[in-house]
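In terms of UniProt numbering, the sequence shown opens at residue 1 and continues consecutively.
Ideal Cβ positions, reconstructed from N, Cα and C, are used throughout, including at glycine.
These numbers come from a predicted model, not from an experiment.
Reviewing the structure listed below.
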Amino acid sequence: MNSTTGETPGKDSTVLVVDDEPQIVRALRINLSARGYRVITAHDGTAALRAVAENRPDVVVLDLGLPDMDGTEVIGGLRGWTKVPIIVLSARGDSADKVHALDAGADDYVTKPFGMDELLARLRAAVRRSADRSAEEANSVVETSSFTVDLAAKKVTRDGAEVHLTKTEWGVLELLIRNRGRLVAQKQLLHEVWGPSYDSESHYLRVYLAQLRRKLEREPSRPRHLLTEPGMGYRFEP
1 MNSTTGETPG
11 KDSTVLVVDD
21 EPQIVRALRI
31 NLSARGYRVI
41 TAHDGTAALR
51 AVAENRPDVV
61 VLDLGLPDMD
71 GTEVIGGLRG
81 WTKVPIIVLS
91 ARGDSADKVH
101 ALDAGADDYV
111 TKPFGMDELL
121 ARLRAAVRRS
131 ADRSAEEANS
141 VVETSSFTVD
151 LAAKKVTRDG
161 AEVHLTKTEW
171 GVLELLIRNR
181 GRLVAQKQLL
191 HEVWGPSYDS
201 ESHYLRVYLA
211 QLRRKLEREP
221 SRPRHLLTEP
231 GMGYRFEP
């Protein structure tokens with residue numbers, strides 16, 4: 001899989017490689033690092049969702065056959081809150097698998113075994129798309145009558161002072177805000193913030209929404225922005 005042509009350096013772009021095959025991960029790490037990319041890795045879907053939230057990669061290279069969940073579930077989980085380009089890298093060459101992955105929100109699909117030159121070309125295109133999306137998201141400052149959220153800086157202010165949120169509180173708030181005006185189901189919130197094994201733990205949401213309201217709403221008992229849709233989920237209204 002060694003490349004024989006010169007490639008444009010990654011210029012410190014971050015690539016998350018999600019694959020449980022050590023030889024694939026090693027080959028990608030060597031080839032991408034040599035071209036200036038910063039490479040981080042995850043061996044299963046749960047780790048991948050966490051890595052994207054914590055590291056904000058520019059591109060995700062994703063295998064579909066993961067040990068804990070199907071790669072399309074990872075795509076669905078990410079598409080609930082981020083537009084990060086996703087390149088599927090899978091041994092599944094059937095057209096139905098490709099259509100399923102692309103319909104779930106993947107940007108591109110490369111079949112194993114693959115040529116490194118082809119993957120690098122697709123990766124460069126994905127990095128360009130990521131830069132365009134980042135430019136859009138850098139201006140994602142959401143203001144309400146009670147507080148202001150800077151999604152790019154991951155910062156919340158109220159009355160001119162920064163409000164400290166825990167990582168989990170931020171995860172809940174960010175997902176709601178990125179879906180502003182739309183209902184976010186309880187299961188989706190639990191799956192994307194806590195992980196797939198927490199899909200039925202709805203009491204977590206009640207606790208964390210109450211904490212967020214105490215920190216952000218003028219009248220926590222009568223929220224204007226962090227709204228509950230009984231029995232269904234939650235909604236953010238600016």
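DSSP places K112 outside any beta strand (DSSP E), giving it a letter other than H or E. If you look at E229, you'll find it in the beta strand (DSSP E) that goes L226 to E229. Note: L16 is bridge-paired with I40 and V60 in the DSSP secondary-structure output.
In the three-state reduction of the DSSP assignment, G233 falls in the strand class, which pools E and B. Looking at the DSSP output, K155 sits in a beta bridge with D150. In the DSSP assignment, S90 forms a beta bridge with T111. Shown here for A48: same chain residues with a beta carbon closer than 6 Å to its own, the five before and five after excluded, namely V18, A42 and V74 in chain order. Here the alpha carbon of K154 sits roughly 36 Å from the alpha carbon of D117. Annotation for R218: S145, S146 and R224 place their beta carbon closer than 8 Å to its own, counting only its chain and skipping 5 residues before and after. E54 is bridged by DSSP to nothing; it lacks a bridge partner. Contact between L64 and A101 holds, since their C-beta atoms are separated by about 7 Å, short of 8 Å.
When the beta-carbon positions are compared, L119 and V127 stay at least 8 Å from each other. Taking one beta carbon from each stretch, the region 167-180 and the region 193-207 have 3 or more pairs nearer than 8 Å; the two touch. Straight across, the Cα-Cα distance linking G93 with V141 is about 41 Å. Between R56 and I87, the C-beta spacing is not below 8 Å.
D108 and L89 have their C-alpha atoms some 9 Å from each other. For E201 and A34, the gap between their C-alpha atoms comes out near 44 Å.
For E143, the enclosing beta strand (DSSP E) starts and ends at V141 to E143. Counting along the chain, W170 sits inside the alpha helix (DSSP H) bounded by residues K167 to R178.
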